[in-house]
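In order, the protein sequences belong to chains X and A.
Quick note, the first sequence lines up with residues 13 to 210 if you use my numbering.
Quick note, the second sequence lines up with residues 13 to 210 if you use my numbering.
For reference, the structure discussed in these notes is given below.
Number of protein chains: 2
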Amino acid sequence: MKACVLYSGGKDSSLMAVILQRLGYKVELVTVNFGTYPSWRAAEESALNLGFKHRVLEADETVLKDAVGKILEDGFPNNGINQVHRYALELASMTYDIVADGTRRDDRVPKLNINEIQSFEDRKNVHYLTLAGFGHKTVNHLSENLFTVKKELTNMKNNSDYEIEIRHMIWEIEGKEAALNIFPEHVQSRVTGWKENE
Amino acid sequence: MKACVLYSGGKDSSLMAVILQRLGYKVELVTVNFGTYPSWRAAEESALNLGFKHRVLEADETVLKDAVGKILEDGFPNNGINQVHRYALELASMTYDIVADGTRRDDRVPKLNINEIQSFEDRKNVHYLTLAGFGHKTVNHLSENLFTVKKELTNMKNNSDYEIEIRHMIWEIEGKEAALNIFPEHVQSRVTGWKENE
Numbered sequence: 013m014k015a016c017v018l019y020s021g022g023k024d025s026s027l028m029a030v031i032l033q034r035l036g037y038k039v040e041l042v043t044v045n046f047g048t049y050p051s052w053r054a055a056e057e058s059a060l061n062l063g064f065k066h067r068v069l070e071a072d073e074t075v076l077k078d079a080v081g082k083i084l085e086d087g088f089p090n091n092g093i094n095q096v097h098r099y100a101l102e103l104a105s106m107t108y109d110i111v112a113d114g115t116r117r118d119d120r121v122p123k124l125n126i127n128e129i130q131s132f133e134d135r136k137n138v139h140y141l142t143l144a145g146f147g148h149k150t151v152n153h154l155s156e157n158l159f160t161v162k163k164e165l166t167n168m169k170n171n172s173d174y175e176i177e178i179r180h181m182i183w184e185i186e187g188k189e190a191a192l193n194i195f196p197e198h199v200q201s202r203v204t205g206w207k208e209n210e
Numbered sequence: 013m014k015a016c017v018l019y020s021g022g023k024d025s026s027l028m029a030v031i032l033q034r035l036g037y038k039v040e041l042v043t044v045n046f047g048t049y050p051s052w053r054a055a056e057e058s059a060l061n062l063g064f065k066h067r068v069l070e071a072d073e074t075v076l077k078d079a080v081g082k083i084l085e086d087g088f089p090n091n092g093i094n095q096v097h098r099y100a101l102e103l104a105s106m107t108y109d110i111v112a113d114g115t116r117r118d119d120r121v122p123k124l125n126i127n128e129i130q131s132f133e134d135r136k137n138v139h140y141l142t143l144a145g146f147g148h149k150t151v152n153h154l155s156e157n158l159f160t161v162k163k164e165l166t167n168m169k170n171n172s173d174y175e176i177e178i179r180h181m182i183w184e185i186e187g188k189e190a191a192l193n194i195f196p197e198h199v200q201s202r203v204t205g206w207k208e209n210e
């Protein structure tokens, strides 16, 4: 029972990894990268600190370009990020039969709707698992009990969300101000290891 | 971290119990009963076979009567069962701060929508957890690995779903045929214990 979790180094995908491991899956943490910026490094560090195997899935740069085009056209990132996430899931499904991510009940982006999920499972003959049964309050509570976490402003080195390569590409095309307008600075939580009692 | 799972003895609520236990919660399995028929017995047996504490939460018979009235008016059980489930969650929230059930991604009844879930968590100051991130394919797969399961036709003694007390009350009011029309016989899976390697 090998399963992969699309992994950013954050609390949500870390919790998903722990749940699957404790249910008996052999878990591999996977970070998709489009080859434009090594944004997977923070995720790899978190994964290794938790004792999981980590893999970078090399992705097609044109998908990132299309998503950035969509984001610049829209003026906001939601649709472009969903585009990237759907692609990342499909990419993972080429290697794994069980594909998971850390999307919670109250997440809005990235998120597949119920029809997209059903279609993904049927077309690719995979199991797709999420944290949709858990809200942010529960994830925070569990994370506090399980993990040591570092809270800090997101920068180019401490985050492995899709956001980083997207932001990097927008910066190159439209400049720093455009990149920061679309992705304002915010505080993030990054998992740095296990709490001592775990 | 004490948590309760609304428990029927089926695969879904058993899996939810295992997930929460393996995340560190002290789990109690709870079956709501309206005092009209001892339908909690099958659930208690499954819970004890898995080594969990089991409790019966005594519920108000008028809630069951209202639900049965709704079901007879509708001619189908969905709305009445949802009514009972919402009440069961509220009842559990009077004793527990963390309330879970085994509703899956592809379940239609009983199920709270996202607004009902948010309202429930806020009004009662609880965490509400479900299996909404897992589809039936995944639950079946995990259940096969974790549990021994007995497949058989549902009867009054081997099932602890809300259905049993509802069916019993309809039988008393409208007769056997009406009860079987609304709840046709079907095959169920009941968890009977752990697989040997667990």
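All C-beta atoms, glycine included, are put in the ideal place defined by N, C-alpha and C.
Per-residue contacts from residue i into chain A (C-beta, under 8 angstroms)
| i | result |
| --- | --- |
| X/R34 | I31, R34, L35 |
Neighbouring residues, chain A, relative to residue i (Cβ below 9 angstroms)
| i | result |
| --- | --- |
| X/N157 | M13, L35, G36 |
| X/R135 | In chain order: nothing, as chain A lies at least about 14 angstroms away. |
Three-way DSSP call (helix, strand, coil) for residue i in this model
| i | result |
| --- | --- |
| X/V96 | helix |
| A/G81 | helix |
| A/Y215 | Lying outside 13 to 210, the shown extent of chain A, residue 215 of chain A is not represented and no answer is given. |
| X/E156 | helix |
| A/L62 | coil |
| A/L124 | coil |
| X/W52 | coil |
| X/N45 | strand |
| A/A144 | coil |
| X/R135 | helix |
| A/D113 | strand |
| A/K188 | helix |
| A/E208 | coil |
| A/K149 | helix |
| X/S26 | helix |
| A/M181 | helix |
| A/T107 | coil |
| A/D86 | helix |
Chain X contact residues for residue i, given Cβ-Cβ distances below 7 angstroms
| i | result |
| --- | --- |
| A/G145 | L141, T142, L143, A144, G145 |
| A/T150 | H139, L141 |
| A/R179 | What A/R179 touches in chain X: nothing, since even the nearest Cβ is about 28 angstroms away. |
Amino acids of chain X, ordered along the chain, whose beta-carbon sits closer than 9 angstroms to that of residue i
| i | result |
| --- | --- |
| A/H153 | M13, I110, H139 |
| A/T98 | Before going further, note that residue 98 of chain A is Arg rather than Thr in the sequence given. Here the premise fails: no neighbours, minimum Cβ distance about 17 angstroms. |
| A/R67 | Near A/R67 there are no residues of chain X at all, since even the closest Cβ is about 22 angstroms away, more than 9 angstroms. |
Contacting residues, own chain, Cβ-Cβ under 7 angstroms from residue i (five flanking each side not counted)
| i | result |
| --- | --- |
| A/E175 | F195 |
| X/L60 | H66 |
| A/T48 | E73, L76, E177, H180, M181 |
| X/E210 | L158 |
| X/A104 | C16, L18, V42, L69, V111 |
| A/G145 | R117 |
| X/L7 | This structure cannot speak to residue 7 of chain X, because chain X is shown only from 13 to 210. |
| X/I31 | none |
Strand pairing of residue i, partner residues [DSSP]
| i | result |
| --- | --- |
| X/S201 | X/K163 |
| A/K14 | A/K38 |
| X/L69 | X/V44 |
Neighbour list for residue i in chain X, Cβ cutoff strictly below 8 angstroms
| i | result |
| --- | --- |
| A/R202 | Near A/R202 there are no residues of chain X at all, since even the closest Cβ is about 20 angstroms away, more than 8 angstroms. |
| A/R53 | None at all; the shortest Cβ gap to chain X is about 28 angstroms. |
Spatial neighbours of residue i in its chain, beta-carbon cut-off 6 angstroms, leaving aside the 5 residues before and after
| i | result |
| --- | --- |
| X/T43 | Y19, W52, A55, V68, S172 |
| X/G147 | R117, D118 |
| A/K14 | K38 |
| X/S58 | G21, V203 |
| A/H97 | P122 |
Closer than 7 angstroms at the beta carbon, the chain A residues around residue i
| i | result |
| --- | --- |
| X/R120 | Those within 7 angstroms of X/R120 in chain A number zero; the least Cβ separation is about 11 angstroms. |
Nonlocal neighbours in the same chain, by C-beta distance under 8 angstroms from residue i, ignoring five residues either side
| i | result |
| --- | --- |
| A/N91 | K82, I83 |
| X/Q33 | V39, F64 |
| X/N152 | K23 |
| A/W183 | A190, A191 |
| X/L101 | L18, V111, D113, L124, F132, Y140 |
heavy atom of the ligand MG below 8 angstroms from residue i C-beta
| i | result |
| --- | --- |
| X/S155 | The ligand MG is not among the ligands present in this structure, which contains no ligands whatsoever. |
Inset, instruction - Check whether the stretch 103-115 of chain A touches the stretch 128-143 of chain A, taking contact to mean three or more Cβ pairs, one atom from each stretch, closer than 8 angstroms. - result: Short answer: they touch.
Inset, instruction - Could you say if the stretch 186-204 of chain A and the stretch 18-38 of chain A meet the contact criterion of at least three C-beta pairs nearer than 8 angstroms? - result: The answer is yes - the stretch 18-38 of chain A touches the stretch 186-204 of chain A, with three or more Cβ pairs under 8 angstroms.
Inset, instruction - Inspect the CB distances between the stretch 157-164 of chain X and the stretch 114-121 of chain A and report whether three or more fall short of 8 angstroms. - result: Touching, no, given that fewer than three Cβ pairs across the two stretches are closer than 8 angstroms.
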